[in-house]
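Single-structure report; data block below.
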Amino acid sequence: MTMEIMEGSIAIAETVRLCRPQVIPAYPITPQTHIVEGLASIIADGRLDAEYICVESEFSALSACIGASTAGSRVYSATTSQGLALMTEVVFNAAGMRLPIVMGIANRAISAPLSIWNDQQDSIMMRDSGWIQLYAEDNQEAIDMHILAYKVCEDHNILLPAFVCFDGFILSHVYEPVDLPSQELVDEFLGPFNPYQKLDPKDPISFGMYATPEYYMEFRYEHDQAVHRAAEAIKKYGKEFGEMFGRDYSELVVGYKLEDADIALVAMGSICGTVKDAIDEMRADGKKVGLLNLRCFRPFPSTDVAKALAHVNTIAVLDKNVSLGAKGAVAIEIKEACYGSNIPVYDYILGLGGRDVRKKDIKKIVELAEKGEGDMFYGLREEVL
Amino acid sequence: MALGIGCTARPGNSRNNKTGSWRVFYPIMDTEKCTKCGTCQLICPEGCINQNPDKTYSIDLDYCKGCGMCAEECPDKAKAISMVKEEK
Ligand code: SF4
Ligand code: SF4
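Quick note, the sequences are listed as chains P and B, same order. Under our numbering, the first residue of the first sequence carries the number 1, and numbering increases by one thereafter. Under our numbering, the first residue of the second sequence carries the number 386, and numbering increases by one thereafter.
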């Protein structure tokens with residue numbers, strides 16, 4: 001294995017090259033820009049035989065992805081925040097049309113107020129769109145999840161699009177050592193795109209037709225079932241990925257020092273790194289704290305979560321998003337997964353719009369959870385309220 | 386009929402997928418009163434009023450959405466179309 005020190009976005013662009021998409025329609029938006037710039041260079045340099053479409057908006061980017069995917073091409077795009085918001089209508093269409101599009105999301109806060117910095121509100125707001133949502137802890141996972149996503153999405157038993165979510169700036173702009181797999185291995189793992197159905201003038205077919213009230217609900221049911229099925233597909237291909245590439249993705253939830261923990265922190269994405277460091281220090285002080293890292297938010301692995309958290313006394317969820325007027329989205333799901341277990345689930349909304357989350361914050365949250373204080377925006381600057 | 390994946394349809398699919406199912410009212414034409422002026426055929430947004438070889442008109446209820454425009458536009462002297470509530 002040769003490790004290379006690369007910027008996250010460039011590592012992702014190189015990984016997308018290895019996946020051999022044939023069409024890449026994309027619109028640059030901070031902090032996703034380096035990815036699509038990287039891909040444009042790769043294609044211009046002749047290192048990937050693909051059509052790069054400079055579109056005039058994110059709405060067009062995903063629309064072009066739909067067109068290319070229905071025509072039988074493997075496609076890729078990337079976006080973030082307002083760009084994803086602008087795509088919304090098309091996001092739902094791509095999913096309903098069951099197209100295996102993979103899209104990188106450099107997670108960023110949503111306007112207004114305008115913020116280009118990281119939280120996970122953008123992909124979370126798409127949780128009901130019928131896309132698979134994977135969350136990377138570091139750049140290596142962001143790379144691996146792109147390859148894995150194509151494998152899962154293109155399975156004829158699944159046929160869904162997927163977001164590969166990684167924290168904007170924190171991962172996208174950071175240089176860290178990564179193992180970029182070889183072209184041969186990625187080719188062997190993915191194989192060429194084999195569309196289940198495609199546009200063909202010799203055998204005409206229309207995509208995304210309308211459904212009358214007699215059929216609409218059944219389409220939604222089938223779609224829901226496919227998203228549920230994706231959980232098993234991710235585990236299966238995640239295991240295969242592990243056997244081929246040496247990094248296992250057969251679990252949708254990953255515990256860290258969780259086996260004997262009294263208090264479990266639950267988180268998604270890059271924050272998990274900070275949490276693990278804080279846990280190491282708290283463990284040294286004799287506190288039995290563990291982490292449950294959610295790698296996959298859709299499908300939501302309720303059974304796995306309930307099993308992993310069954311033995312703890314307290315659950316503290318770190319939410320880099322908020323469903324305004326309710327709670328953080330992850331906490332809502334964790335509560336549902338643990339319903340009936342009587343384990344208190346406290347929610348901490350934190351790190352919104354790029355606010356730093358440090359080890360001392362994680363320790364403070366554990367103290368709050370021990371006292372039964374939770375369901376709050378953590379770290380509010382009272383003096384400006 | 387099993388659903389296709391991703392709402393796909395082949396040419397001629399509308400023969401199977403009738404669109405008249407969500408109607409609340411449907412039109413009945415009194416052929417005795419009809420003056421064969423053709424207004425209803427022109428006005429129907431679904432194109433589901435057709436002229437028969439004998440110049441009379443008939444309404445294809447498989448595709449009629451029940452908007453009532455044909456009944457509204459049928460000239461006063463004829464008033465040959467009336468809307469009736471669907472019993473489902
Ligand atoms: S009710 Fe509307 S749709 Fe139906 S036949 Fe009349 S004009 Fe056409
Ligand atoms: S508008 Fe009325 S009178 Fe004219 S063709 Fe239609 S039903 Fe007959």
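The beta carbon of each residue, even a glycine, is placed where N, CA and C say it ideally should be.
query                                                                                                                : result
Simplified DSSP state of Ser123 of chain P, which is helix, strand or coil                                           : helix
Chain B residues whose Cβ lies nearer than 9 Å to that of Ala211 of chain P                                          : Leu388, Cys392, Asn402
Member of P:Asp179, P:Gln183, P:Leu350 whose CA lies at the smallest distance from the CA of Arg17 of chain P        : P:Gln183
Listed by chain order, chain B residues near Leu99 of chain P by CB distance under 9 Å                               : Gly391
DSSP bridge partner residues for Lys470 of chain B (one or two, in chain order)                                      : B:Phe410
Sheet register partners of Leu294 of chain P (DSSP bridge)                                                           : P:Val253
Residue-chain proximity (Glu222 of chain P, chain B), Cβ-Cβ < 8 Å                                                    : yes
Cutoff 8 Å: Gly96 of chain P Cβ touching any chain B Cβ                                                              : yes
CB-CB length for Pro161 of chain P against Trp131 of chain P, believed under 8 Å                                     : 5 Å
Option in P:Ala310, P:Thr15, P:Gly372 with minimal Cα separation from Val178 of chain P                              : P:Thr15
Closer than 8 Å to chain P by CB, Pro430 of chain B                                                                  : no
Distance, Ile332 of chain P Cα to Asp319 of chain P Cα                                                               : 10 Å
Ligand 1 heavy atom lying under 7 Å from the CB of Lys419 of chain B                                                 : One detail in the question is off: residue 419 of chain B reads as Cys in this sequence, not Lys. Incorrect: Cys419 of chain B has no Cβ contact closer than 7 Å to ligand 1.
Through-space distance from Tyr442 of chain B to Cys470 of chain B, alpha-carbon basis                               : Here the sequence assigns Lys to residue 470 of chain B, which means Cys is not the residue at that position. Approximately 21 Å between the Cα atoms of the pair.
Closer than 7 Å at the beta carbon, the chain P residues around Ser443 of chain B                                    : By Cβ distance, chain P contributes nothing, its closest Cβ being about 22 Å from Ser443 of chain B, past 7 Å.
CB-CB length for Ala409 of chain P against Val253 of chain P, believed under 8 Å                                     : The structure shown does not extend to residue 409 of chain P, since chain P spans only 1 to 385, so no value can be given for it.
Proximity of Ala316 of chain P and Ser341 of chain P at Cβ, strictly below 8 Å                                       : no
Inter-residue spacing [alpha-carbon to alpha-carbon] between Ile110 of chain P and Gln82 of chain P                  : 6 Å
Secondary structure of Cys165 of chain P, DSSP reduced to three states                                               : strand
Chain P contact for Ser406 of chain B (CB, 8 Å cutoff)                                                               : yes
Assigned exposure category for Met217 of chain P - 16 Cβ within 10 Å defines buried                                  : exposed
Buried versus exposed call for His156 of chain P [16 or more other C-beta atoms within 10 Å across all chains shown] : exposed
Check: Glu458 of chain B C-beta below 7 Å from any heavy atom of ligand 2                                            : yes
The region 36-44 of chain P in contact with the region 67-74 of chain P per 3-pair CB rule at 8 Å                    : no
Distance between beta carbons of Val366 of chain P and Lys287 of chain P, contact taken as under 8 Å                 : 7 Å
Cβ contact (3+ pairs, closer than 8 Å) linking the region 51-67 of chain P and the region 19-33 of chain P           : yes
Within 8 Å, strictly: CB atoms of Ile466 of chain B and Cys429 of chain B                                            : no
Span separating the alpha-carbon of Leu84 of chain P from that of Cys459 of chain B                                  : 49 Å
Start and end residues, beta strand (DSSP E) containing Tyr52 of chain P                                             : 51-54
is_contact[Pro460 of chain B, chain P] using C-beta, thresh 8 Å                                                      : no
Distance between Cys392 of chain B and Glu370 of chain P (C-alpha atoms, nearest Å)                                  : 50 Å
Cβ of Pro204 of chain P within 8 Å of any chain B Cβ                                                                 : yes
Beta-carbon separation (whole angstroms), Ala149 of chain P vs Leu134 of chain P, contact threshold 8 Å              : 6 Å
heavy atom of ligand 2 below 7 Å from Ile466 of chain B C-beta                                                       : yes
Distance cut-off 7 Å: Thr424 of chain B Cβ against heavy atoms of ligand 2                                           : yes
Assigned secondary structure, Met217 of chain P (DSSP; H/G/I helix, E/B strand, else coil)                           : helix
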